[in-house]
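Peer 1: From first to last, the protein sequence lines stand for chains A and B. The working numbering puts the first residue of the first sequence at 18, with every later residue one more than the last. The working numbering puts the first residue of the second sequence at 40, with every later residue one more than the last. A virtual CB, placed ideally from N, CA and C, is assigned to each residue, including glycine. Handing you this structure, nothing more for now.
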Amino acid sequence: MTTCFTKRMLAAICGLMLAAAQDVGANGLLVTNVMVRKRDNTTATVTFDIAWQNSWRFTNINHDATWVFFKARQEGQSEWHRVLLEGSGINPPGYSNGMGTAVDLIVPSDRVGLFVRRAAQGSGTLAVTNVQVVWNIASANVVKTSLIQMRALAVEMVYVAEGAFKVGSGGTESGSLTDGSWTSGSPVPFTVTSEDVLTIAHTAGCLWGISTGNNNTFGGAGTLSASFPKGYAAFYCMKEEATQGQYADFLNTLTAAQLANRYSSAAWNRYTLSVSNGVYSASVPDRVCNGLCYGDAAAFMDWAGLRPYTELEFEKACRGPLPPVADEYPWGTTAIGGTTGINNDGTGRDTAVSGNCNCNYGSHSVYGPYRAGIYATASSTREQAGASYWGILGLSGSLWEYALTLGNSSGRAFTGEHGDGVLTADGYADVIAWPSSTTAVGIGFRGGSYQDGPLMARTSARDYCGNYSDPARNNLCCCRGVRTAPAGVLP
Amino acid sequence: MQTRLIMMAGLFLAVNLAFGTEGDARFYGGGGDGCDGMSTRARSLDGGPQVSFWSASAQTFVWTDADDSLATLSIAVWDPQSAVTNGGTFRISVPSAWLCRFGTNATVVVGGAAAAKIGSPYYTADGRSLVLPITADFEVGDLVTVTGLRVVDLHLCHSGSQWLELSFTDVDACDEYPLQMRVLWYGGSYDDWGIATSEPLGFYVPSGTIIGVH
Chain A
18 MTTCFTKRML
28 AAICGLMLAA
38 AQDVGANGLL
48 VTNVMVRKRD
58 NTTATVTFDI
68 AWQNSWRFTN
78 INHDATWVFF
88 KARQEGQSEW
98 HRVLLEGSGI
108 NPPGYSNGMG
118 TAVDLIVPSD
128 RVGLFVRRAA
138 QGSGTLAVTN
148 VQVVWNIASA
158 NVVKTSLIQM
168 RALAVEMVYV
178 AEGAFKVGSG
188 GTESGSLTDG
198 SWTSGSPVPF
208 TVTSEDVLTI
218 AHTAGCLWGI
228 STGNNNTFGG
238 AGTLSASFPK
248 GYAAFYCMKE
258 EATQGQYADF
268 LNTLTAAQLA
278 NRYSSAAWNR
288 YTLSVSNGVY
298 SASVPDRVCN
308 GLCYGDAAAF
318 MDWAGLRPYT
328 ELEFEKACRG
338 PLPPVADEYP
348 WGTTAIGGTT
358 GINNDGTGRD
368 TAVSGNCNCN
378 YGSHSVYGPY
388 RAGIYATASS
398 TREQAGASYW
408 GILGLSGSLW
418 EYALTLGNSS
428 GRAFTGEHGD
438 GVLTADGYAD
448 VIAWPSSTTA
458 VGIGFRGGSY
468 QDGPLMARTS
478 ARDYCGNYSD
488 PARNNLCCCR
498 GVRTAPAGVL
508 P
Chain B
40 MQTRLIMMAG
50 LFLAVNLAFG
60 TEGDARFYGG
70 GGDGCDGMST
80 RARSLDGGPQ
90 VSFWSASAQT
100 FVWTDADDSL
110 ATLSIAVWDP
120 QSAVTNGGTF
130 RISVPSAWLC
140 RFGTNATVVV
150 GGAAAAKIGS
160 PYYTADGRSL
170 VLPITADFEV
180 GDLVTVTGLR
190 VVDLHLCHSG
200 SQWLELSFTD
210 VDACDEYPLQ
220 MRVLWYGGSY
230 DDWGIATSEP
240 LGFYVPSGTI
250 IGVH
């Protein structure tokens, strides 16, 4: 027993040293040493090491976490299968928190993956070895007696805490949301106070919008059902927009029929994805991925067990519980600085040129997406990092993000289903309740892009989030997914 | 009046010593009230009873702190004009632009030469204000101090500078020293994505005791 314990201690220490040595001063999320072992006739254990820097947990605010999900492949076959875990809740039976930073393992009820977060208040590097989770073998459609290859995929997420918040800043944003008491002039911020049925009406105390036509329309009167995610309940949001490396990893788990609809070889600005001998790769993997149509983004989110966010959740993700500042950006002020150049471009350590820049907007000289999270540094303030209240990066500028619109009935009909990890045979999201991937009706755009001016980068701007849909790929759109926080998970 | 001028001069000197003398926007401003030392919120000290209100120093908080202590506060009455009288109150409030509150479990101590003119302090407005009941008329030069205040819910504050507020008989004053809120979000290089793949393993190996039958 003593020898075994000593070996585990040494392994843990070596793992921590390795994690630190590989990537000093970077977020550098690392998942390593994935192993799968039989547990019993119906389950197997999967162990792995995980580390990332700049993690945090402030129990009075929020925490970051990593969403880890798995794909399994039978030796000799090309198809990767969805993996469902066994058990649910915080630290379910049979799971092990490993050695190193104390972490919680949080498995949602649909068991598509798990969140790894700090178990206690703290910040800095999180590094843990020998994390063990339990896999329900039957879920993966593999033959147990064959050799099995397991792939662990992890993405940083940020917890957005439950609570009331306001939509609409009271400023001059296009198509802003407002309280129904508004008649003209500046919108009146509306407070979202629960996930209960929400009445949409031009009446005081109801949710309304200042535009009822064109691309930024709010549509007419109606209701949002209790299952429409309104942002009051806690959810996890991807810390950054999906990168080109992430999207390549996604493509490498698809079948040929699925790839036919999910890969684009077009020469989008600063797009580096390519395929060689059937393997997809990005020469600049840390750069945000453009050229994604809604069908691509929906497929990515379904495959990853995430879902699109709603307009209301977008404003909550930006503003948090703070009182609105008229015409504010997601970092809570009205100051915005463009980027005039990039040092070390494409290396993974890219940094922005210009002391006060915090947003990729307005057709600056480096025309296209940048490294995800480029403005956050070892000492950045919220404004300098371009961070939201919760620490989410890049919500404005960079690339347009897909959001469920309140501007038409298709968007309002959304009921918050998560992706199940499985796509259709031809590579589309198979979640029936999501807007159609072929028409994209119900999906709008939030946050502006590198091509658009600063007004569209404002938190409450809805220039293209009304009754506007565009199902085609283009230079300016990307993907960011969310997941409703499992019940009982607090900051 | 002579006493007032001497105290004003002393305060002005103290502010200069604390913050330097040039190149600092906090020193910009006009005259008129004799105690402009930095760019603070607009305040009305002319025309009515004149009261100064200041913290012992400027203070910086980090928004992730669960709570923090506040420096000693001082309230000096320069010209009460029979308005700071028995039955009135001083009300010290957190900045109206922030949603933080005073920690209502903290024990507050009132000191200074005029401490005897203040009754038992109490919190109000969900902890956003501390009320100091006035139990005797204030005279020129009366001074009270308040120590022990704590501030909580810092995470509900925007970044930047704000000032504690003092109100009495409909006249407001603001702290001469700012509260600075630092909202930090760190980051590094590389993206937020990780992937690893196991070696192909035959994990479903029969286990248990092997019994040979002869």
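Ordered along the chain, which non-local residues of its own chain (more than five positions away) have a Cβ less than 6 Å from that of Gly197 (chain A)?
Peer 2: Correct list, in chain order: Ala218, His219, Thr220, Ala221, Cys223, Trp225.
Peer 1: Hey, is the region 415-435 of chain A in contact with the region 452-465 of chain A, meaning 3+ C-beta pairs nearer than 8 Å?
Peer 2: With a cut-off of 8 Å, the region 452-465 of chain A and the region 415-435 of chain A count as touching, because enough Cβ pairs lie within range.
Peer 1: Does chain B have any CB closer than 8 Å to the CB of Ala389 (chain A)?
Peer 2: Chain B, which has a Cβ nearer than 8 Å to the Cβ of Ala389 (chain A), makes this yes.
Peer 1: If we define contact as Cβ-Cβ less than 8 Å, is Gly428 (chain A) a contact residue for chain B?
Peer 2: No, Gly428 (chain A) does not count as interfacial toward chain B.
Peer 1: Take His194 (chain B) and list the residues in its own chain whose beta-carbon comes closer than 6 Å to its own, dropping the five residues that flank it on each side.
Peer 2: Here the set comprises Trp102.
Peer 1: Is Gly233 (chain B) close to chain A, meaning its C-beta is less than 8 Å from at least one C-beta of that chain?
Peer 2: Cβ-Cβ to chain A under 8 Å: yes for Gly233 (chain B).
Peer 1: Considering only C-alpha positions, which residue in the set A:Gly115, A:Asp313, A:Arg399 is nearest to Asn491 (chain A)?
Peer 2: Closest option to Asn491 (chain A), Cα to Cα, is A:Asp313.
Peer 1: Is Asp447 (chain A) near the ligand COA, going by C-beta to nearest heavy atom under 7 Å?
Peer 2: You won't find the ligand COA in this model; it holds no ligand whatsoever.
Peer 1: What separation, rounded to the nearest whole angstrom, lies between the Cα atoms of Met77 (chain B) and Ser477 (chain A)?
Peer 2: Residue placement at Met77 (chain B) is poorly supported in this model, since its pLDDT is 37, which falls under 50; the coordinates still yield a value, given next. Using only the alpha carbons, I get a separation of about 34 Å.
Peer 1: Within 10 angstroms of its Cβ, does Ser96 (chain B) collect 16 or more other Cβ (buried), or is it exposed?
Peer 2: By the neighbour-count rule (16 or more Cβ atoms within 10 Å), Ser96 (chain B) is not buried but exposed.
Peer 1: Residues of chain B with a CB under 9 Å from the CB of Gln263 (chain A): which are they?
Peer 2: Those are Asp230, Asp231, Trp232, Ile234, listed as they occur along chain B.
Peer 1: Please name the residue in A:Phe207, A:Ala61, A:Gly185, A:Arg388 whose C-alpha comes closest to that of Thr162 (chain A).
Peer 2: The option with the nearest alpha carbon to Thr162 (chain A) is A:Ala61.
Peer 1: Rounded to the nearest angstrom, what separates Ser121 (chain B) and Glu212 (chain A) at their Cα positions?
Peer 2: Taking the straight line from one Cα to the other gives about 54 Å.
Peer 1: Would you list the one or two residues that DSSP bridges to Met167 (chain A)?
Peer 2: DSSP lists A:Ala89 as partners of Met167 (chain A).
Peer 1: Please list, in chain order, the residues of the region 325-339 of chain A that have any C-beta partner in chain B closer than 7 Å.
Peer 2: Listed by position along the chain: Pro338, Leu339.
Peer 1: Could you have a look at Ile353 (chain A) and say whether DSSP puts it in helix, strand or coil?
Peer 2: Coil, per DSSP.
Peer 1: Assuming the contact rule is C-beta atoms closer than 8 Å, Trp93 (chain B) and Asp214 (chain B) should be a hit. Round their C-beta distance to whole Å, please.
Peer 2: Yes, Trp93 (chain B) and Asp214 (chain B) are in contact; Cβ-Cβ is about 6 Å, under 8 Å.
Peer 1: Any Cβ of chain B within less than 8 Å of the Cβ of Leu164 (chain A)?
Peer 2: Cβ-Cβ to chain B under 8 Å: yes for Leu164 (chain A).
Peer 1: Return yes when the Cβ of Trp232 (chain B) is within less than 8 Å of the Cβ of Val172 (chain A), no when it is not.
Peer 2: Yes, the Cβ-Cβ distance between Val172 (chain A) and Trp232 (chain B) is below 8 Å.
Peer 1: Which of the three DSSP states is assigned to Gly436 (chain A) in this structure?
Peer 2: Looking at Gly436 (chain A) - three-state DSSP - the assignment turns out to be coil, as it is neither helix nor strand.
Peer 1: Applying the criterion that 16 or more other CB atoms from any shown protein chain within 10 Å of the CB defines a buried residue, is Thr422 (chain A) buried or exposed?
Peer 2: That one is buried.
Peer 1: Let's test the definition: count the other Cβ atoms within 10 Å of the Cβ of Gly62 (chain B) and tell me whether it reaches 16, buried, or not, exposed.
Peer 2: Note that Gly62 (chain B) has pLDDT 36, beneath the 50 cutoff, so the model's placement of it is unreliable and no number is given.
Peer 1: Of all the CB atoms in chain A, is at least one closer than 8 Å to the CB of Val133 (chain B)?
Peer 2: It does not: the Cβ of Val133 (chain B) has no partner Cβ on chain A nearer than 8 Å.
Peer 1: Could you list which residues in chain A have their beta carbon closer than 7 Å to that of Ala105 (chain B), in chain order?
Peer 2: Those are Asn77, listed as they occur along chain A.
Peer 1: To the nearest angstrom, how far is it from the Cα of Asp211 (chain B) to the Cα of Val183 (chain B)?
Peer 2: Between Asp211 (chain B) and Val183 (chain B), the C-alpha separation is close to 17 Å.
Peer 1: How long is the line joining the alpha carbons of Gly337 (chain A) and Thr216 (chain A), rounded to whole angstroms?
Peer 2: Approximately 22 Å between the Cα atoms of the pair.
Peer 1: Under 7 Å Cβ to Cβ from Ala43 (chain A), same chain only, skipping five residues before and after it: list those, please.
Peer 2: With a pLDDT of only 42 at Ala43 (chain A), under the threshold of 50, the placement of this residue in the model should not be trusted, and no figure is reported.
Peer 1: Where do the ends of the beta strand (DSSP E) carrying Ser206 (chain B) lie?
Peer 2: That run of the beta strand (DSSP E) goes 204-207.
Peer 1: According to DSSP, simplified to helix, strand and coil, what is Arg25 (chain A)?
Peer 2: Unreliable placement is indicated for Arg25 (chain A), whose pLDDT of 37 sits below 50; no coordinate value is reported for it.
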